[in-house]
Amino acid sequence: MKHTTLMFCIVLAAALAPAAPPAGLVLIGGRIYPAPGAPPILSGSVVVRDGRIAAAGPPDLVAIPAGAERLDCAGASVAAGFWNCHVHFTEPKWEEAGRAPAARLDEQLQEMLTRYGFTTVVDTGSLLENTLALRRRIEAGECRGPRIFTTGPGFVARGGSPYYLKPVLLPEIETPEQAAAAVRERLAAGADAIKLFTASWATRERAVPIPVEVVRGAASEAHRQGKLVLAHPSDITGLSAANEGVVDILAHAIERPLEVPPELLVLMTRRGTAVIPTVALFGEKVLPQVKSYSRAGLDLLFGTDVGYRPEYE
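If you read the sequence shown in numbering that gives the first Met the number 0, its first letter stands for residue 0, the second for the next number, and so on.
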């Protein structure tokens, strides 16, 4: 008999919470994958109480509450929630997140993220104050949603605001000193990481790069404070600037050219650069590039650019 593998993510608990009995829900007998890289628990139990995972482990170490509803998960798999490392809370519906009705936010978060099992997301560009307000409401239990990390708006070179975001203009950095000061201000305001458009499409045909020394100034300050730096590279000049400026993560594959020179792959490998290729945005044309990253041993992180992309699936 062919067994169907079920992925019960952490978010499932929240989704089931309203219908769960007061004593809780217990998932019994499934193969549990508690965390990436951790050995699986071959036949474990997961206790869900008040919409949260209260316990997970081998059956002899997990106490099952009296009166709890039991769900037989034999032959199925129970996994921790997924990360989406590239999202945006920029659609108009997220405006005034600090005052929006909680029920509406619940619905929007489920539609965009939690129904797909995303329990941690990295927002790589939005209004910082608004996204922090959304995060506070989730953390306070006012609405149900994923854990949120955010960069706030990305930084660009002078005249480098992307044509596809206009009339919105992004903050510009022109010198290493200015870049470092901007990073300090952003992190002090509550950002968890920094996003740089190391090259950005000012027009459909012209990418404007941030000078390498400016990238390095921003990255050095972020690293001094123990924070990661993400780069939107756009093209080969942006990829080169990201590498020479010691950026940690590429937020996209590059669009022009589609092939990455071997010498850059070697440099990225030495520095431990990670890549969020956003295949959902670019499609199959970037798959050979993604394969080259994989063959070079780079970490590939999952991200969909949802929020900028209107398609949620």
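We treat Cβ as the ideally placed atom computed from N, Cα and C, and that holds for glycine. Because the structure is a prediction, the values reported are computed rather than measured.
Between the CA atoms of residue j and residue i - distance to the nearest angstrom
i, j, result
"residue 92", "residue 205", "31 Å"
"residue 37", "residue 243", "34 Å"
"residue 76", "residue 201", "46 Å"
"residue 178", "residue 58", "53 Å"
"residue 181", "residue 218", "11 Å"
"residue 11", "residue 168", "Interpretation of residue 11 is limited by its pLDDT of 43, a score under 50 that renders its predicted location unreliable; no figure is taken from the coordinates."
"residue 127", "residue 146", "15 Å"
"residue 81", "residue 164", "28 Å"
"residue 97", "residue 259", "42 Å"
"residue 190", "residue 132", "12 Å"
"residue 72", "residue 119", "24 Å"
"residue 293", "residue 275", "12 Å"
"residue 183", "residue 221", "8 Å"
"residue 236", "residue 30", "46 Å"
Spatial neighbours of residue i in its chain, beta-carbon cut-off 6 Å, leaving aside the 5 residues before and after
i, result
"residue 32", "39 and 78"
"residue 141", "101"
Cut-off 8 Å between Cβ atoms - residues of its own chain near residue i, not counting five sequence neighbours on either side
i, result
"residue 257", "284, 285, 287 and 288"
Chain-order list of residues whose beta-carbon lies under 7 Å from that of residue i (same chain, five-residue window excluded)
i, result
"residue 264", "291 and 295"
"residue 240", "197, 198, 208, 209, 211 and 214"
Proximity below 8 Å, CB of residue i to CB of residue j
i, j, result
"residue 42", "residue 25", "no"
"residue 144", "residue 175", "no"
"residue 314", "residue 229", "Because residue 314 is not part of the residues shown, which for the chain are 0 to 312, the question remains open."
"residue 303", "residue 277", "yes"
"residue 23", "residue 67", "yes"
"residue 83", "residue 108", "no"
Local conformation of residue i per DSSP, three classes
i, result
"residue 318", "Shown here, the chain extends from 0 to 312; a query on residue 318 therefore has no answer."
"residue 203", "coil"
"residue 32", "strand"
"residue 312", "coil"
"residue 301", "coil"
Interface flag, residue i vs chain D, CB-CB below 8 Å
i, result
"residue 256", "The structure shown has no chain D; it contains just one protein chain."
### Message
For the pair the region 51-68 and the region 99-111, tell me if three or more CB-CB distances fall below 8 Å.
### Response
Taking 8 Å as the limit for Cβ pairs, the verdict is that the region 99-111 does not touch the region 51-68.
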